[in-house]
Each structure stands twice: as structure tokens, then as C-alpha cells.
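For what it's worth, the UniProt record's numbering labels the leading residue of the sequence shown as 1, then goes sequentially. Note that CB positions come from ideal geometry on N, CA and C, so glycine has one too. Given the structure is predicted, the values throughout are model-derived calculations rather than measurements. First comes the structure, then the notes that go with it.
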Amino acid sequence: MRFNITNIKEEQALAEAASCLFLDVWGVTRDYVDIRMPTSQVSPLLDLLPKKLQSSHFALISDLSRAVYDSLPKDSSSSHLLGPKGALDRVHNSLTVSDNLFFMRYHPLKTIMQWMQLLESIFPEHVNYMSIGQSSEGRDIPALRVGRPDIDGGGGRRKTMVITAGLHAREWISTTTANYVAWSLITEFNKDPVITKFLHHFDVVVIPALNPDGMEYSWQTDRLWRKSRQETSLRMCRGYDLDRSFGFGDSSAHRQSDPCSEDYGGEEPFEAVEAAAFAKWAREQTEKNNVQFVGMVDYHSYSQQVLFPYAYSCAVEPPNLENLEELAAGIAKTIRVSTGEAYSVSPACDAALMADMTKLASRSRINEGAGSVMDWFYHDMNAHFSYQIKLRDHGLYGFLLPDEEIIPTGREMFYVMNQDFNISQDEQRQTTTVTFAGELNRGDKAEPELTFLELPLKEGQLNNKMAGFYRSGYARADDTKGYAATTHM
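Here it is, written out as C-alpha cells:
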């Protein structure tokens with residue numbers, strides 16, 4: 001059921017009513033909130049809402065059981081799409097992004113892992129299959145690392161971008177989209193000059209199923225299962241919301257305490273085994289493997305939104321808010337120009353309504369919640385460009401996006417990645433180039449290198465003490481250090 005909302009009070013009333021009745025909130029935007037509920041719960045919910053909301057709603061998917069049935073694969077065996085390994089080996093040099101039989105339909109976890117392992121065997125020079133840890137039920141959390149670190153002779157820390165997906169089990173399109181982006185990067189390497197240059201200087205780690213237990217359960221038992229499958233303090237209420245399980249923004253005011261809630265992330269940060277495994281892996285990369293994380297993208301569905309930190313509260317702004325907003329707007333523009341699809345842009349905490357921010361500190365927002373992986377990665381891993389992207393559609397199918405939408409959705413995200421990679425030094429313009437080279441002191445010389453983001457130089461962004469270096473929001477105004485790079489004046 002979709003409720004059209006116009007102000008903060010309506011959103012707050014809806015949030016409180018949905019929480020009271022333990023209803024499943026599907027989608028939240030500035031204009032509407034989608035809630036799944038049995039027919040028997042409609043009247044109790046409406047009784048808790050203001051009069052305007054009691055009439056400002058309609059059935060989005062009237063027969064959900066039938067919609068679920070229609071969305072399920074009719075043939076659970078999909079390994080034949082991988083083809084005989086020997087046959088694929090013989091033609092791998094001619095594979096392109098257009099050869100996407102694998103993306104004609106959704107696939108279960110076992111098939112996805114086999115496909116990922118096959119990619120490593122076919123493209124060993126720039127693909128590495130790995131497990132970043134194990135789930136609560138002992139399944140591997142698979143990942144692909146794409147890049148050519150042996151080519152980069154800089155000797156510095158290996159700059160790395162992370163793509164995560166599948167935190168919520170029922171969001172199959174997020175997992176498939178992450179795999180599509182990985183496939184596109186892998187097969188375009190040594191063909192597309194922009195991608196090739198990028199992968200010489202950066203690694204991209206793709207983690208398509210961070211919640212493998214939940215994904216398996218969504219295939220075998222409950223298509224609309226959201227959380228993990230870990231036991232909680234209430235045996236009858238299993239699972240953690242992995243996007244509420246990370247240790248940032250931890251506050252009782254922003255953390256769901258009922259294990260039966262769809263948003264339950266645990267009593268303490270990192271109670272969810274999968275969240276703890278991901279955090280351990282990320283820390284080890286920076287502490288032991290000389291990795292510098294520069295950005296992350298977390299795919300979800302649905303509602304077509306580009307969201308940036310913070311998710312835990314609208315009362316706190318990230319230090320480099322302007323840069324986050326600018327890149328987010330660029331992402332949305334790239335999608336609109338390339339495919340015609342509209343993606344909205346907003347802070348993650350405020351995806352529901354763009355209202356008077358001064359009035360939000362004490363209010364309960366539907367999208368507010370501590371423990372977001374985006375917030376944690378942005379803050380604790382210093383990935384200064386971290387985003388959550390909610391993929392297609394606008395609610396016609398919701399989490400049951402049909403197979404024919406897989407490739408168009410994947411292409412949208414690949415266009416976004418390709419556009420970001422394509423931003424490079426422009427000798428014809430006066431620009432400042434952000435290279436993520438690390439901390440630079442006054443007088444240091446920054447060597448030119450591949451850029452991740454290029455911004456027009458704006459008046460007032462150069463500090464006298466920086467001696468021509470661009471200052472990121474992470475450096476204090478009186479500091480002589482900052483994440484900086486070469487300027488072309």
C-alpha cells in the first residue's frame with residue numbers, strides 16, 4: 001500500500017504506526033511511503049493515522065502472493081548458462097559487455113559463486129576471487145577484486161573502491177547489478193582506455209552478496225525475507241538488518257531495540273556476524289595490506305535514489321557535504337542522460353522529505369537509523385565518497401523487479417562508474433584535481449596521477465597555508481595538511 005505524504009508530521013505518524021504494528025516498510029521517498037501489510041492490518045493502521053493519510057493511499061500491489069509467484073524463476077537450474085569451462089576459455093578473449101547471457105535472469109547464491117570463480121580462472125591477470133569472511137550459518141561471503149596492482153609502480157598505498165550489495169536478502173536486483181558492473185569492468189579491461197587506465201591505478205572490490213544466508217533463504221523459503229538468518233535474543237524473531245549493524249551513529253534514539261522489527265540491527269554494534277566480518281576485512285586491508293579506501297557504493301532497491309551520508313541523523317552534516325552533493329548530482333545526471341531514468345538525490349536520513357532541517361533533530365524519521373554501512377565506511381574507513389544507490393523501479397514491481405529489467409539497471413550503474421572513471425585532467429580548464437594522494441604538507445610536490453574526481457576551482461577554496469593545494473572538508477581551516485592534489489592554474 002502506498003501512502004502519499006506531504007509533511008514531516010504525516011511521515012512521523014506513519015513511522016510510529018508502522019513500528020507499533022510491526023509492518024514492513026518497503027520504500028521511502030520525499031513523496032510516498034510503501035508499506036507491506038496483510039489485509040487484516042489495513043483498518044488498524046488507518047485508525048492510527050491522521051485523517052488526511054486515511055484517504056491518501058492506494059493499493060500498489062493488490063495480490064502480492066500472485067506477484068511473488070509470477071516473479072520466481074520457473075527453472076531453478078541455471079548453471080547451464082555458465083557453459084562448459086573449456087568452451088568459455090577458448091572464446092574469452094572476444095567476450096564483451098554485450099555477451100550477457102548470465103544477466104538474462106536472476107541466479108541463486110551457488111550459481112553466482114561458481115560464476116565468480118569462473119571469472120577468476122578466465123581473467124587471472126586482473127581478477128581475484130576471494131572470501132571476505134563467513135556468515136552466521138558458515139557460508140562464505142564472496143568477493144571479486146578487479147585491478148592490476150603489479151602495473152602501478154608508484155609504490156604507495158593501493159587505492160581501492162568497494163561495491164557492496166545484497167545486504168537485504170530480497171533485493172535480488174542489487175546483487176545482480178553489482179555482478180553486472182564487475183563483469184563490465186572485467187571484460188572492458190584492455191579494451192576501453194578509461195577503464196584500463198583506472199584499473200592500473202585503482203582496485204575495485206565487488207561484494208555482491210554480503211548477506212548470503214538471507215539470500216539463500218529468500219530463494220528457498222521466503223522470497224521477501226529481508227534480514228540475515230542469525231539467531232537473536234528471541235528465538236521466534238531471527239535475523240539482523242545488516243544496514244543497521246555497523247558501529248557508527250550508535251545511539252538508542254536511532255537504534256531499533258525489538259528483534260522482531262525488520263530494522264533490528266542488534267543491541268550493540270557488529271552483533272551481526274556478517275557486519276563484523278566485513279569490518280574485520282576492511283580494517284585488515286588498511287592495516288596489513290597497504291590499502292587506501294577512496295570510495296564505496298552500496299546498492300539497494302528500490303525507489304531510484306542516490307543517497308549520501310549521514311543515514312543515522314539529519315542533525316549532523318558530513319564535513320565534505322558540498323563534494324558529496326556535487327558527485328551525487330553528477331551520478332543522477334549521468335543516469336538521466338544515458339537512460340532517461342530519474343534518480344533523486346538527498347542525504348540518506350532525509351530521503352523521505354526535503355523539509356526544514358532545523359526542525360529534524362528531535363523527530364523520528366522513517367529513514368533514520370544508526371549502523372549504516374555507508375556511514376561507517378565513510379567515517380571509519382575514510383572513504384570520502386560513499387553512497388547508497390537505490391535501484392529501479394519506482395514501486396510498480398518493488399522488490400520483484402522482472403528479469404527484463406536486470407540488464408537496463410546494470411547498464412545504468414556501469415554508465416555511472418564509467419563516467420566517474422572518465423573524469424580526468426583537463427588542460428583546457430582551470431581545475432583542481434582530487435587525487436586521494438594522502439596528506440600533503442606545505443611545499444610538497446604532488447605528482448600527476450589518475451584522478452577519481454575533478455572539481456572546478458571555486459573562489460575561497462584555497463587556503464593561504466595550503467600554498468595552492470585544494471582543501472577537502474576533512475582538514476581544519478587552520479591546518480597545513482589535507483587530502484590534496486595538483487592544481488592547474
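Can you tell me whether DSSP reads residue i as helix, strand or coil?
i: Asp-140; result: strand
i: residue 492; result: Look at the range of the chain in this structure, 1 to 489, and you will see that residue 492 is not part of it.
i: Pro-347; result: strand
i: Asn-7; result: coil
i: Thr-176; result: helix
i: Gly-398; result: coil
i: Ser-386; result: strand
i: Arg-36; result: strand
i: Arg-392; result: coil
i: Gly-298; result: Residue identity differs from the one stated: residue 298 is Asp in this sequence, not Gly. Here Asp-298 sits in strand by DSSP.
i: His-57; result: strand
i: Met-1; result: coil
i: Gly-147; result: coil
i: Val-316; result: coil
i: Thr-334; result: helix
i: Lys-159; result: strand
i: Leu-21; result: coil
i: Gly-371; result: coil
i: Phe-189; result: coil
i: Gln-419; result: helix
i: Gly-410; result: helix
i: Gln-305; result: strand
i: Thr-196; result: helix
i: Asp-63; result: coil
i: Thr-339; result: helix
If you draw a straight line from the alpha carbon of residue i to that of residue j, how long is it in whole angstroms?
i: Ala-370; j: Pro-50; result: 28 angstroms
i: Ile-406; j: Pro-124; result: 26 angstroms
i: Pro-309; j: Met-1; result: 28 angstroms
i: Tyr-217; j: Asp-47; result: 34 angstroms
i: Asp-192; j: Met-374; result: 29 angstroms
i: His-379; j: Glu-326; result: 19 angstroms
i: Phe-270; j: Trp-225; result: 21 angstroms
i: Pro-318; j: Arg-223; result: 36 angstroms
i: Leu-60; j: Ile-35; result: 9 angstroms
i: Pro-259; j: Leu-234; result: 7 angstroms
i: Gly-166; j: Leu-14; result: 27 angstroms
i: Lys-9; j: Phe-3; result: 13 angstroms
i: Glu-188; j: Val-162; result: 18 angstroms
i: Gly-239; j: Met-37; result: 19 angstroms
i: Gly-395; j: Thr-196; result: 37 angstroms
i: Trp-172; j: Phe-399; result: 8 angstroms
i: Asn-464; j: Leu-119; result: Because Asn-464 sits at a pLDDT of 32, beneath the cut-off of 50, its placement in the model cannot be relied upon, and the following sentence gives the value as read from the coordinates. Taking the straight line from one Cα to the other gives about 50 angstroms.
i: Thr-451; j: Ala-178; result: Note that Thr-451 has pLDDT 36, beneath the 50 cutoff, so the model's placement of it is unreliable and the number below is only indicative. C-alpha separation (whole angstroms): 23 angstroms.
i: Glu-267; j: Asn-100; result: 43 angstroms
i: Glu-454; j: Gly-214; result: Note that Glu-454 scores 35 on pLDDT, short of 50, meaning its location in the model is unreliable; the coordinates nonetheless yield the value given after this. Distance between the alpha carbons of Glu-454 and Gly-214: 39 angstroms.
i: Ala-169; j: Asn-7; result: 31 angstroms
i: Cys-237; j: Asp-263; result: 12 angstroms
i: His-57; j: Tyr-69; result: 25 angstroms
i: residue 491; j: Ala-279; result: This structure cannot settle anything about residue 491, because the visible part of the chain is limited to 1 through 489.
i: Pro-408; j: Ile-186; result: 18 angstroms
i: Ile-141; j: Glu-404; result: 27 angstroms
i: Phe-246; j: Gln-256; result: 13 angstroms
i: Arg-392; j: Glu-287; result: 37 angstroms
i: Ser-55; j: Leu-242; result: 34 angstroms
Given residue i, which residues of its chain have a CB within under 6 angstroms of its CB, disregarding the five upstream and five downstream residues?
i: Arg-377; result: It should be pointed out that residue 377 corresponds to Phe in this sequence rather than to Arg. Taken in chain order, the residues that qualify are Met-296, Ala-383 and Ser-386.
i: Ala-329; result: Val-345
i: Phe-414; result: Val-181 and Ser-184
i: Arg-283; result: none
i: Leu-72; result: none
i: Thr-164; result: Ile-207, Leu-210 and Asp-298
i: Gln-419; result: Thr-334
Near residue i, what residues of its chain come up, given a Cβ to Cβ distance below 7 angstroms and the 5 sequence neighbours on each side ignored?
i: residue 496; result: Examination of residue 496 is not possible in this model, given that the chain is present from 1 through 489 alone.
i: Ala-17; result: Leu-45, Leu-48 and Leu-49
i: Val-291; result: Arg-157, Arg-158, Thr-160 and Gln-285
i: Glu-322; result: none
i: Leu-21; result: Gln-41, Pro-44 and Leu-45
i: Val-416; result: Ile-331, Thr-334 and Ile-335
i: Val-316; result: Tyr-310
Within its chain, find whatever has a CB closer than 8 angstroms to the CB of residue i; leave out the 5 residues flanking it on each side and keep chain order.
i: Pro-84; result: Since pLDDT at Pro-84 reaches only 44, below the 50 mark, its modelled position is unreliable, and the value read off the structure follows with that caveat. For Pro-84, where only same-chain residues beyond five positions count, there are no Cβ hits under 8 angstroms.
i: Trp-281; result: Ile-132 and Gly-133
Against chain C, with Cβ distances strictly below 8 angstroms, would residue i count as a contact?
i: Ile-122; result: The structure shown contains no chain C; it holds only a single protein chain.
Q. If you pair each beta-carbon of the stretch 118-138 with each one of the stretch 267-277, do three or more pairs fall below 8 angstroms?
A. In short, these stretches touch, since the Cβ pair count reaches three.
(Q) Would you call the stretch 299-309 in contact with the stretch 323-342, where contact means no fewer than 3 C-beta pairs closer than 8 angstroms? (A) A contact exists between the stretch 299-309 and the stretch 323-342.
**Q.** Whole alpha helix (DSSP H) elements within the stretch 209-292, 4-residue minimum
**A.** Runs of the alpha helix (DSSP H) lying entirely within the stretch 209-292 and spanning at least 4 residues, in chain order: 212-220 and 273-288.
Q.
Give the list of continuous alpha helix (DSSP H) stretches no shorter than 4 residues that lie fully inside the stretch 95-131.
A. Here the runs fully enclosed are 109-122.
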